[in-house]
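So the structure is just underneath, and the comments pick up after that.
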Amino acid sequence: MTAQTTIAATKVDPSSPKLGQLIYSFVSELYPICRSITGNGLRETLQRIGEKIPLQIREVPSGTPVFDWTVPREWNIRDAYVKNSRGDRVLDFQRSNLHVVNYSVPIRMRLSLRELKEHLHSLPGHPDWIPYRTSYYRETWGFCISQRELDGLQEDEYEAVIESSLEDGHLSYGELLLPGETPEEILVSTHCCHPSLCNDNLSGIAVASFLAQALGQQPRRYTYRFLFIPGTIGSITWLSRNEEVVPRIRHGLVLACAGDRGGFAYKKSRRGNAEIDHAILHVLNHSGEAYRTSDFSPYGYDERQYCSPAFDLPVGCLTRTPHGQFPEYHTSADNLDFISAEALARTFRLCLEIFDLLEHNRTYRNLNPKCEPQLGKRGLYRELGGHAEAETREMAMLWVLNLSDGENSLLDIAERSGMRFGAIQQAATNLERHGLLTL
Ligand code: ZN
């Protein structure tokens, strides 16, 4: 493969006003699929992503040891329902896949309302929402129901059926490598194990797919690795199979909850002062977007695994409203109305800006370090004062010349000067062209 492998599929124009709509339609396309940490729903999702980008789909057999964990048996579901004695489906998997506790074992039984209620989950505080529940590592079964529907259930003999299978199979995940000029990598990881939930899951999948498409079309210094993996077990599995890749990862981002209307949130890497942390904070700070930051904590998404002590990778987590901090989280209200095309597009553009910064963040050396070089005789200094744009350009050059001692990166200089990275980068390009700066 050449360093500039391009993706032949539909071109992505990051500046197109329709971009948000395109990302949103991809979320809508994936929304009905019943995903889990294994199984055909996950596989179908990866195949749909593979129609946009040349994704490699990996299959890891059940029972494979992955560090302290074991790849679980594969879960698939065809149908599930609860019928009353008249034969009406009072709960129907076909209406919403959230109605079944994800990873429920197969059952077929008759039971009273009291017995049934022991297997029903609802949200009394939000009586119209269906909760999302899972039982990955514990063999059980259950249904999720809105409180209003639960309250309407009469004394009766019910028939509960879950036509699922839990058998030896595979754990599937998707991986895409976009080679760059250097083998050093930027990792982008997103989880794809949730069923019909839009912000937590689908927004990250869709934005990451479009980012991979856009980056595939442009020259790259870094090599990019995109992972579409089931939460927790996916990143553990990937890390256990790719320990030799880990030292090449220079920067990484876990992307999730990318489509709600809230501001951005960035959770720093475990290191807390990695280049990715500074890069994201710089871009957010100059973006005009509302944002908050938090220090690393060992709870959240797959950054927990990437930042486990043996790896301690420079991987942070970028979201809009973080997991658990919006009431719709893990409920049927995290639906297509909860996210917006505009928010998806803004997350996409912010990520591209972060990658662009990392691509251009180099450390230069001033070739004329004994006092300031005479900029005027090189046509780099204005003859008349008072032109704001020229003043900014000159200040940027002075900062770059002063701090380019082989120790400070352009991002360090941007931070110290309080100027935008773009202005500093432009100054460096200009000075390099005039033979005053070298890598
Ligand atoms: Zn979740």
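Residue numbers (the working numbering): 7 to 445.
Where a beta carbon is used, it is the ideal one built from N, C-alpha and C, also for glycine.
Note that this is a predicted model, so its numbers are computed, not measured.
Item to complete: Look up W81 in the DSSP assignment and give the residues it is bridged to.
Response: L172
Worksheet item: Skipping 5 residues on each side, what residues in its chain have a beta carbon closer than 7 Å to that of G441?
Response: L373
Worksheet entry | CA nearest to the CA of R256, picked from G240, G268, R231 and T238 | R231
Worksheet item: Count the other CB atoms within 10 Å of the CB of Q431; is the residue buried (16 or more) or exposed (fewer)?
Response: buried
Practice prompt. Starting from Y370, trace the alpha helix (DSSP H) both ways and give me its first and last residue.
Written response: Run containing Y370: none in the alpha helix (DSSP H); it sits in the beta strand (DSSP E), T369 to N372.
Discussion item. I'd like to confirm something about D206: is its beta-carbon nearer than 6 Å to some heavy atom of the ligand ZN, or not?
Written reply: yes
Item to complete: In the DSSP assignment, find the beta strand (DSSP E) that holds T299 and state where it starts and stops.
Response: Annotation: the continuous beta strand (DSSP E) that includes T299 extends over Y297 to S300.
Worksheet item: Comparing the CB of G278 with every heavy atom of the ligand COA, is any distance shorter than 6 Å?
Response: What this structure holds is the ligand ZN, not the ligand COA.
Item to complete: Measure the alpha-carbon distance for A285 versus D362 and round it to whole angstroms.
Response: 10 Å
Worksheet entry | Pick from G306, S102, R120 and S42 that is closest to Q331, judged by C-alpha positions | G306
Worksheet item: Okay, do the stretch 90-102 and the stretch 148-163 touch, 3+ Cβ pairs below 8 Å being the bar?
Response: yes
Fill in: Residue range of the alpha helix (DSSP H) that includes Q432
F427 to R439
Worksheet item: Got a sec, what are the start and stop residues for the beta strand (DSSP E) K273 sits in?
Response: F270 to K273
Discussion item. My assumption, with CB atoms under 8 Å, is that P38 sits in contact with L104. Please give the rounded CB distance.
Written reply: Incorrect: roughly 12 Å between the Cβ atoms, too far for contact.
Fill in: Cutoff 7 Å; reference N341; Cβ partners in own chain excluding five residues on either side
C204
Worksheet entry | First and last residue of the uninterrupted beta strand (DSSP E) at T196 | E191 to H197
Worksheet item: According to the Cβ coordinates, are V33 and L208 closer than 7 Å?
Response: yes
Practice prompt. Going by DSSP, name the residue or residues bridged to R459.
Written response: Examination of residue 459 is not possible in this model, given that the chain is present from 7 through 445 alone.
Practice prompt. Decide if C377 is buried, meaning its Cβ has at least 16 other Cβ atoms within 10 Å, or exposed.
Written response: exposed
Discussion item. I need the boundaries of the alpha helix (DSSP H) containing H284, first residue and last residue.
Written reply: For H284, the enclosing alpha helix (DSSP H) stretches over residues E281 to N291.
Worksheet item: For the beta strand (DSSP E) that contains A366, what are its first and last residues?
Response: With the sequence shown as reference, residue 366 is identified as His, and Ala is not the correct amino acid for it. No beta strand (DSSP E) holds H366; the alpha helix (DSSP H) holding it covers A347 to H366.
Worksheet item: Would the beta-carbon of G222 fall within 7 Å of that of L184?
Response: It is a contact, given that the beta carbons lie within the stated cut-off.
Fill in: Strand pairing of Q62, partner residues [DSSP]
E181
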